[in-house]
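Here the protein sequences come in this chain order: A and B. Using our numbering, the first residue of the first sequence is number 5, and each one after it goes up by one. Using our numbering, the first residue of the second sequence is number 8, and each one after it goes up by one. The structure appears right after this line, and notes come after that.
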Amino acid sequence: SQQGEEDPQALSIQEGENATMNCSYKTSINNLQWYRQNSGRGLVHLILIRSNEREKHSGRLRVTLDTSKKSSSLLITASRAADTASYFCANQGQGAQKLVFGQGTRLTINP
Amino acid sequence: ETGVTQTPRHLVMGMTNKKSLKCEQHLGHNAMYWYKQSAKKPLELMFVYSLEERVENNSVPSRFSPECPNSSHLFLHLHTLQPEDSALYLCASGGAGGVSPLHFGNGTRLTVT
Numbered sequence: 005s006q007q008g009e010e011d012p013q014a015l016s017i018q019e020g021e022n023a024t025m026n027c028s029y030k031t032s033i034n035n036l037q038w039y040r041q042n043s044g045r046g047l048v049h050l051i052l053i054r055s056n057e058r059e060k061h062s063g064r065l066r067v068t069l070d071t072s073k074k075s076s077s078l079l080i081t082a083s084r085a086a087d088t089a090s091y092f093c094a095n096q097g098q099g100a101q102k103l104v105f106g107q108g109t110r111l112t113i114n115p
Numbered sequence: 008e009t010g011v012t013q014t015p016r017h018l019v020m021g022m023t024n025k026k027s028l029k030c031e032q033h034l035g036h037n038a039m040y041w042y043k044q045s046a047k048k049p050l051e052l053m054f055v056y057s058l059e060e061r062v063e064n065n066s067v068p069s070r071f072s073p074e075c076p077n078s079s080h081l082f083l084h085l086h087t088l089q090p091e092d093s094a095l096y097l098c099a100s101g102g103a104g105g106v107s108p109l110h111f112g113n114g115t116r117l118t119v120t
């Protein structure tokens, strides 16, 4: 199974602190993607990192990928209350058309 | 506004009813997806259509029947559902081949009584 796992399942921090979420997966991948979901809404794509990339930045987001450990991390710097949401990683296996999602990390930013 | 519109947003149906969920995208994507999101479970891929052909069917019970009449529209027909089918049903679209990011609708919250 390609299904990944996020760690931790829930994270609560103070506004302004950095939040780190981790994701592991099981098979070789083409790319790995991170998504955010606000309560009662659909998922929103944040960032895609390809299997030959090790790090990628987008605004306050930093994603790393370690294919030897089959893991990725998402760092949100200088967190804001509006960052409160669930965050999911999703991997696309080599030659596969579908994305397989993990269970997500529920992030709460306390003002 | 995500570019992917799902209707209805909420649906309550009895176990003997027949209903349909609708998804529409105007992003020019060639692939459309149905996902099921239940509490405390990962997103489950149900169906994938690429260029209007079904390319993936993840052992979904026959009480769920997808339809993709064109690249902009996707339906999920429901009949004789069970209470455990209650969930958030999410539609997504993306490029054919699955490499590009997915764009999700806001989902239909389905309750089966």
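A virtual CB, placed ideally from N, CA and C, is assigned to each residue, including glycine.
Does residue i come within less than 8 Å of chain B when only Cβ atoms are used?
| i | result |
| --- | --- |
| Lys60 of chain A | no |
| Gln6 of chain A | With a pLDDT of 45 at Gln6 of chain A, under the threshold of 50, the predicted position of this residue should be treated as unreliable, though the coordinate-derived value follows. Gln6 of chain A does not count as touching chain B. |
| Leu47 of chain A | yes |
| Gln107 of chain A | yes |
| Gln37 of chain A | yes |
| Leu52 of chain A | yes |
| Leu103 of chain A | yes |
Using DSSP with H/G/I as helix, E/B as strand and the rest coil, what is residue i?
| i | result |
| --- | --- |
| Pro90 of chain B | helix |
| Gln6 of chain A | Low local confidence applies: a pLDDT of 45 at Gln6 of chain A is under 50, so the model's placement there is unreliable, with the coordinate-based value given in what follows. Coil. |
| Ala86 of chain A | helix |
| Pro115 of chain A | coil |
| Glu74 of chain B | strand |
| Asn95 of chain A | strand |
| Thr71 of chain A | coil |
| Thr118 of chain B | strand |
| Asn113 of chain B | coil |
| Lys26 of chain B | strand |
| Ser77 of chain A | strand |
| Gln107 of chain A | coil |
So if DSSP puts residue i in a beta bridge, which residue, or which two residues, is it bridged to?
| i | result |
| --- | --- |
| Met39 of chain B | B:Tyr56, B:Ser100 |
| Gln32 of chain B | B:Val11 |
| Asn64 of chain B | B:Phe54 |
| Ser16 of chain A | A:Thr112 |
| Arg40 of chain A | A:Val48, A:Tyr91 |
| Ala46 of chain B | According to DSSP, Ala46 of chain B bridges with nothing at all. |
Starting from residue i, trace the beta strand (DSSP E) both ways and give me its first and last residue.
| i | result |
| --- | --- |
| Lys60 of chain A | 59 to 62 |
| Thr31 of chain A | Where Thr31 of chain A is concerned, there is no enclosing beta strand (DSSP E), given that its DSSP letter is neither H nor E. |
| Met20 of chain B | 17 to 20 |
| Ser69 of chain B | Where Ser69 of chain B is concerned, there is no enclosing beta strand (DSSP E), given that its DSSP letter is neither H nor E. |
Quick check: is the beta carbon of residue i nearer than 8 Å to any beta carbon in chain A?
| i | result |
| --- | --- |
| Val55 of chain B | yes |
| Leu52 of chain B | yes |
| Val19 of chain B | no |
| Pro73 of chain B | no |
| Gly114 of chain B | yes |
| Pro15 of chain B | no |
| Leu28 of chain B | no |
| Leu97 of chain B | yes |
| Leu109 of chain B | yes |
| Pro76 of chain B | no |
| Glu59 of chain B | no |
| Pro68 of chain B | no |
By the criterion of Cβ-Cβ separation under 9 Å, what are the contact partners of residue i in chain D?
| i | result |
| --- | --- |
| Glu31 of chain B | Reference to chain D is not applicable here, since the protein chains of this structure are A and B. |
Give me the subset of the segment 59 to 93 of chain A whose CB atoms are less than 9 Å from a CB atom of chain B, sorted by chain position. Phe92
Going along the chain, which residues of the segment 80 to 92 of chain B sit with their C-beta nearer than 9 Å to a C-beta in chain A? none
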